[in-house]
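K.L.:
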Amino acid sequence: MDKGKKGNVIKRYLIYGLVQGVGFRPFVYSLAVRLGVDGSVCNLGGIVEIIAKAPGEVLNAFLGELKDNKGKDYEIHAVEEEDITEERFLTEGNKEGFIIKSSAESLHTFSLTPDIGLCDKCAKEVLEKGNRRYHHPFISCAACGPRYTILEQTPYDRQTTVMREFPMCKTCEGEYTSKEDRRFHAETISCKACGPYLLWKDKKGGRSSDNPCSTKGEDAFREALTALKNGGIIAVKGIGGYHYVCTPFSPETVKRLRLLKGREKKPFALCFPDINTVKEYAKVSMEEEKLLLDKAKPIVLLYEKRRKMAEEVSEESIYLGAFLPYTPIQLLLTKELGPLIMTSANESGKPIIRQDEEMLGVESGYLDGILYHQRKILRSVDDSVVRITMGKPQMIRRSRGYVPSPLLMEKSGADIFCAGGDLKAAFCFYKEGRAVLSQYFGDLEEYDILKEYENSYKDLKKLFSAEPKLAVCDMHPGYFSAEFARSLKLPLLQVQHHHAHIASVMAEHRLKGKVLGIAFDGTGYGTDGNIWGSEFLICEGGDFTRAGHLRYTSLIGGDASLKDVKKIALCYLLQEGLEKALPDERTPLIRAALKCNTNTYLTSSMGRLFDGVSALLGICMENRYEAEAAILLEQEARKALINGAEPVSLQFAIKKEEEMYLLDPAPVLKSLVQLKETEGTGALALGFHYAVAEAVLTLCKEINRNQNINDIALSGGVFGNTLLLEKVKALLTESGFNVYRNESVPPGDGCISLGQAFIGLERDV
Amino acid sequence: MHIDMSYGSGGKQTTSLINEVFVKHFSNPVLQKMEDSAVLTVKEKIAFTTDSFVVTPMFFKGGDIGKVAVCGTVNDLLMMGANPKYLTAGFIIEEGASLTDLEHIAASMAAAAKEAGAQIVAGDTKVIEGKGGIYINTAGIGEIEREGISISACKEGDIILLSGNLGEHHTAIMSHRMEIENDIKSDCAPLKEIVMNLIMAGIDIHCMRDVTRGGLATVLNEVSASSSCKVEIEERALPVSPQVKGFCDILGLDPLYMANEGKLIAVVAQKDAKRALQIMKESRYGENAAVIGTIQAGSKVVMTTAFGGSRVIDVLYGEGLPRIC
Ligand SMILES: [Fe+3]
Ligand SMILES: [Mg+2]
Ligand SMILES: [Zn+2]
Ligand SMILES: [Zn+2]
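The listed protein sequences derive, respectively, from chains A and B. Counting with the numbering used here, you get residues 1 to 765 for the letters of the first sequence. Counting with the numbering used here, you get residues 766 to 1090 for the letters of the second sequence.
1. Using 8 Å as the threshold, is the segment 917-925 of chain B in touch with the segment 846-861 of chain B, meaning 3 or more CB pairs across them?
2. Could you tell me whether the segment 13-33 of chain A touches the segment 60-67 of chain A, where touching means 3 or more Cβ pairs closer than 8 Å?
3. If you draw a straight line from the C-alpha of B/GLN1061 to the C-alpha of B/ILE1078, how long is it?
4. Does the segment 1001-1019 of chain B touch the segment 1047-1067 of chain B, meaning 3 or more C-beta pairs lie closer than 8 Å?
5. Taking DSSP as the reference, what is the three-state secondary structure of B/HIS767?
6. Is A/ARG434 close to chain B, meaning its C-beta is less than 9 Å from at least one C-beta of that chain?
7. Check whether the Cβ of A/CYS172 sits closer than 8 Å to any heavy atom of ligand 4, and report yes or no.
8. What does a CB cutoff of less than 7 Å around A/GLY433 pick up in its chain, not counting 5 residues either side in sequence?
9. Give a yes or no on whether 9 Å exceeds the smallest Cβ distance from B/MET939 to chain A.
10. Suppose you measure from the CA of A/ILE642 to the CA of A/ASN60; what does that come to, to the nearest Å?
11. Taking DSSP as the reference, what is the three-state secondary structure of A/TYR303?
12. Name, going along the chain, the residues of the segment 463-485 of chain A whose beta-carbon falls closer than 9 Å to a beta-carbon of chain B.
13. Any beta carbon from chain A within less than 9 Å of B/VAL1077's own beta carbon?
14. Step through the CB atoms of chain A and report whether any lies within less than 9 Å of the CB of B/ASP1014.
15. Chain A partners of B/VAL1067, CB-CB under 8 Å?
16. What does A/ILE590 reach in chain B if we use C-beta pairs closer than 9 Å?
17. In the DSSP assignment, find the unbroken alpha helix (DSSP H) run with B/SER991 in it and report its ends.
18. What would DSSP say about A/ASN706, mapped onto helix, strand or coil?
19. Could you tell me if A/PRO468 is buried or exposed, where buried requires 16 or more neighbouring beta carbons within 10 angstroms of its beta carbon?
20. Smallest Cα separation from A/LEU573: which of A/PRO328, A/VAL613, A/LEU331, A/LEU562?
21. Go ahead and label A/ILE759 buried or exposed: buried means 16 or more other beta carbons lie within 10 angstroms of its beta carbon, across all protein chains shown.
22. What residues in its chain sit with their C-beta under 6 Å from that of A/LEU662, if we drop five residues either side in the sequence?
23. What does B/TYR1082 touch in chain A if you count any residue whose Cβ is under 7 Å from its own?
24. Please report the straight-line C-alpha distance between A/ARG608 and A/GLU173, rounded to a whole angstrom.
25. Using a Cβ-Cβ cut-off of less than 7 Å, give me the residues of the segment 994-1008 of chain B that come near chain A, in sequence order.
26. Counting only beta-carbon atoms, is A/SER348 nearer than 9 Å to chain B?
27. Output the distance between the C-alpha atoms of A/ALA730 and A/ALA593, rounded to the nearest integer angstrom.
28. Cβ of A/ILE556 less than 9 Å from any chain B Cβ?
29. Counting beta carbon pairs with one atom in the segment 944-955 of chain B and one in the segment 1016-1024 of chain B, are three or more of them shorter than 8 Å?
30. Do B/GLU800 and B/ASN848 count as a contact pair if the criterion is CB distance below 9 Å?
31. What are the boundary residues of the beta strand (DSSP E) that includes A/TYR242?
32. On a Cα-Cα basis, can you pick out the residue from A/PRO406, A/VAL436, A/GLU628, A/LYS424 that is closest to A/CYS418?
33. Could you have a look at A/GLY750 and say whether DSSP puts it in helix, strand or coil?
34. Measuring from the CB of A/THR523, is there a heavy atom of ligand 1 at a distance below 8 Å?
35. By the DSSP assignment, the beta strand (DSSP E) with B/SER817 in it spans what residues?
36. Reducing DSSP to helix, strand and coil, say where B/LEU1029 ends up.
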């Protein structure tokens, strides 16, 4: 090939995406060598920089092949390119030929690689008798293995991860240094000779941890299998923490698991040995299959569970939370035993347990043993939960496998810390064009979770070398996240909750100009001091105006009242004089409280209206887990839809008061009370969903009459209701609107910190 | 009979109001001298405090504004280890107030002062236009019996005792306002017996606070901030009567944030905790006393919930506003 100086072009490419820790650099190297490109490839901590010198058409071919990643493990999200001079080419250490520059030479340290689930090649090897890593539970390669949860400091290197405690054997070192090997520079490389090994601690009968009979390696694995076969519950160390593991087929075992975990009623997630086994238990669409097989290996919520397992696994829920093995241990266990419940090991209100001492110290008669190892977990990271709706993913919990992948932001500015919300808390650092969301923490009112949140701030600030010049937080006067943001003593920007919801969609889809945002959720503090939750906001840049909402209703205060769905229904009914529809001995006291405004608040919450309707229809009277009443209401509607039931026609009243559109649920409630004795619950539930969707459409058209807005953004926890989401989107799309929603971040409060970052950048304080 | 503007003129009506209501009920040698100011003999070190009282309704189950006005000031003195001796009482009366009501109020002030062993030695009355309301200011002097008791003196390992059930005053007032019939009475009381018994027994008391407006949560946050410590409490240990609990559950109220008028917390050295609890239980108004928590190194107030979680207990930020999405 002609490498004469004349025809050469020199370019610098910045490659964004999943390009670190997935064997990308060796691939670039071999491609460059094959095509005769000179230059270098270097990891700038999450971004890969390629400097390339070759004739124009060769560079085009080079870039073309890079971008075509079929069958490869990396993902390119964006490429920036610039022409550079020969002089810069040389000063940056390039000569003839192509080199891989080591990460350590880079000044940038914004490391962004999530933990990656076991790859197919490693899965094959670990099950292959005769392979030197047969049954090695820590098998990994340049394209798979833990990353974020084992990284002490950047750049990502063996010496900066907890793997530095396991010096490589000669054979592993050979693979690590060989450019042709798929474990070339695989920082997590190990084998049975040099790697960590399994340990088994028998806890049968709740014996204390000084029990001396720890077994090792394959024996430990066998002990764990025996315990599981006997219907026992064991703890298994994973990537972001421990799981409790047991069979889903024994009702008695699953009941014991519920006791071990506390009062929880939530459905449990299941790990399946392979995709075909998943299909025996649930319907799996093409998109769902792709998601199950994705590197992140999230828990995927699947519909239409076939009842083969114990009722206690998911009770009334029609969903099945399934995932495929992302660690070799999970693969080995499920290959032997079939599907297993794998649920985070923690007491309610505490972060997932990651420390061995803490796990070994758990004293419970329900726990039979602990399968663990010496590789440390540095961060508690829960499994992510995703579902497919309308052919695209909807993130429900964004954590392991996704964190800390950055989201690229349109605007740039100085570093920002965004505190997020208080529930399903996740904060975010903005730095150099990228927003990096933290793992999911949970409810910050819980002391241990708040501590974890505060410690993670320090941890990630250091890891990303972020130097925030601005802190952004919610307006709610009682939020712990806001209090933490204030304690940082940085310039502070307070952002309205629902504005942040909509801004997160604007950030994800890079929306510009005016956007009509619809944020439906349970609770967010409004600029008028009331509790908002069904907001139609006209957003532009970093500002918004409120254009409509559900008419305010007075509800009884206190966080505990939110569990009492029947009380919520009574509040709605009392205000319409319909309380006879739901007899309750507490009615006189509640009536008096509403009349005297004793501990009441005004709210436009859509979530609460769903709660109230669920109780009114007799579907659910008490939330045993978050949003249970609304989930069961959706489920009734979904079943009616599948069975072809005719939705009952219901209608909200729409009023306009001083430039504000108000949706009044009174006629809907009146009809529901009248019809609930004669019509089917499912048909009423479906009718309610449709009525909300139609009200949304009407209001959007009304608001748009004097505006010229084409883009509509949907966010908020209520849009986790896919039946509503699908209907709203269909109606709006038919009327010519472009409808956007959260995809990479959850529509619930997990998106708040991203929205805060967007507004922080827009306001440019 | 109702009070009109002429009662505030300083003339005959005023004199008769003072003599027939206040002097009659508060009767004591100092007051009877009717000098321009009271002349008092006290020990070397005294505590001195004042508070104003605006309560609607003025009469409620378990007490009235007069009793609250005396107990509030007396208890504030006691919390500093001071034995209440002398009180003053200032009245602002809106025209239209009933003379009978005023007599009732004066009588219950006298009774409460007597129980606390204090004398009301000076006073003032003003009548203003209005709708019949009565507002009271009291100030008080107490002789220090035990020095060093302070909100900032709590030490790691100390034990926190609460003298009785939470939320009763608040619930009684609310029930009255909402016109709800129940048996819940205000806990309004002078806490002299509990405090003096603790001091007399030589209990190593580091801090005492009466638990009034803002509730236990507010007091504990003050302890945490002033003593730079973490306050840990047990939800299960908190004494709440079944009636109050039932009422609060329905109305979404948290007894942790509700006002009391006859409750205190005492933070004592660990070695004395058992004895202190025994003494409280044997003292008047202390029968439901309980050990509710401990002082630890760190910050914040943290409650171990009945389900085993641990919740951060913040100060009240606005009644009833939910955080949950
Ligand atoms: Fe929200
Ligand atoms: Mg006071
Ligand atoms: Zn692999
Ligand atoms: Zn090895």
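Beta carbons: idealized from backbone N, C-alpha and C, even for Gly. Please read these numbers as outputs of a predicted model, since none were measured by experiment.
P.N.:
According to the data block:
1. No contact exists between the segment 917-925 of chain B and the segment 846-861 of chain B.
2. yes
3. For this step, residue 1061 of chain B is matched to residue 296 along the second sequence. For this step, residue 1078 of chain B is matched to residue 313 along the second sequence. Each residue's Cα considered, the two are about 15 Å apart.
4. Yes, the segment 1047-1067 of chain B touches the segment 1001-1019 of chain B.
5. Within the second sequence, residue 767 of chain B is the residue found at index 2, counting from 1. B/HIS767 falls in the strand class under three-state DSSP.
6. Your numbering for residue 434 of chain A matches position 434 in the first sequence. Output row for A/ARG434: interface = no.
7. Position 172 of the first sequence, counting from 1, holds the residue named residue 172 of chain A. Yes, Cβ of A/CYS172 sits closer than 8 Å to a heavy atom of ligand 4.
8. In the first sequence, the residue the question calls residue 433 of chain A occupies position 433. Taken in chain order, the residues that qualify are LEU408, MET409, SER412.
9. Along the second sequence, read from residue 1 onward, the residue named residue 939 of chain B stands at position 174. Chain A, which has a Cβ nearer than 9 Å to the Cβ of B/MET939, makes this yes.
10. Indexing the first sequence from 1 puts residue 642 of chain A at position 642. Indexing the first sequence from 1 puts residue 60 of chain A at position 60. When rounded, the distance between both Cα atoms is 51 Å.
11. One-based indexing of the first sequence puts residue 303 of chain A at position 303. DSSP places A/TYR303 in coil when its eight states are reduced to three.
12. HIS476, PRO477, GLY478, TYR479, PHE480, GLU483
13. To locate residue 1077 of chain B, count along the second sequence from 1; it is residue 312. Yes, B/VAL1077 counts as interfacial toward chain A.
14. Residue 1014 of chain B sits at position 249 when you count from the first residue of the second sequence. So, interface residue.
15. Counting from one through the second sequence, the residue named residue 1067 of chain B turns up at place 302. TYR447, listed in chain order.
16. Position 590 of the first sequence, counted from the start, is the residue given in the question as residue 590 of chain A. Residues of chain B passing the Cβ test: ILE1015, LEU1016.
17. The residue labelled residue 991 of chain B in the question sits at position 226 within the second sequence. Residues 980-992.
18. Residue numbering aside, residue 706 of chain A sits at position 706 when the first sequence is read from its first letter. Residue state, collapsed to three classes: coil.
19. The residue you call residue 468 of chain A lines up with position 468 of the first sequence. Result: buried.
20. For the purposes of this step, residue 573 of chain A is identified with residue 573 of the first sequence, where counting begins at 1. If we check each option's Cα against that of A/LEU573, A/VAL613 comes out closest.
21. As a first step, residue 759 of chain A must be located in the first sequence, where it is residue number 759. Buried is the call here.
22. To locate residue 662 of chain A, count along the first sequence from 1; it is residue 662. These residues qualify, in order along the chain: ARG551, LYS655.
23. Locating residue 1082 of chain B in the second sequence gives position 317, where the first residue counts as 1. Chain A residues near B/TYR1082: PRO477, GLY478.
24. The count along the first sequence starts at 1 and reaches residue 608 of chain A at position 608. The count along the first sequence starts at 1 and reaches residue 173 of chain A at position 173. Distance between the alpha carbons of A/ARG608 and A/GLU173: 59 Å.
25. none
26. The sequence position of residue 348 of chain A within the first sequence is 348, counting from 1. For A/SER348, the answer is yes, since a Cβ of chain B falls inside 9 Å of its Cβ.
27. Locating residue 730 of chain A in the first sequence gives position 730, counting from the first residue. Locating residue 593 of chain A in the first sequence gives position 593, counting from the first residue. Note on geometry: alpha-carbon atoms of A/ALA730 and A/ALA593 lie some 41 Å from one another.
28. Mapped onto the first sequence, residue 556 of chain A falls at position 556. Chain B, which has a Cβ nearer than 9 Å to the Cβ of A/ILE556, makes this yes.
29. no
30. Residue numbering aside, residue 848 of chain B sits at position 83 when the second sequence is read from its first letter. Residue numbering aside, residue 800 of chain B sits at position 35 when the second sequence is read from its first letter. No.
31. Walking along the first sequence from the start, residue 242 of chain A turns up at place 242. Per DSSP, A/TYR242 belongs to the beta strand (DSSP E) from 242-246.
32. As a first step, residue 418 of chain A is located in the first sequence; it is residue number 418 there, counting from the start. It is A/VAL436.
33. Reading the first sequence from its first residue, position 750 is the one you call residue 750 of chain A. Correct three-state label for A/GLY750: helix.
34. Residue mapping note: residue 523 of chain A aligns to position 523 of the first sequence, counting from 1. The answer is yes for A/THR523.
35. Reading the second sequence from its first residue, position 52 is the one you call residue 817 of chain B. 811-818 is the extent of the beta strand (DSSP E) around B/SER817.
36. What you label residue 1029 of chain B is simply residue 264 of the second sequence in a count that begins at 1. It is a strand residue.
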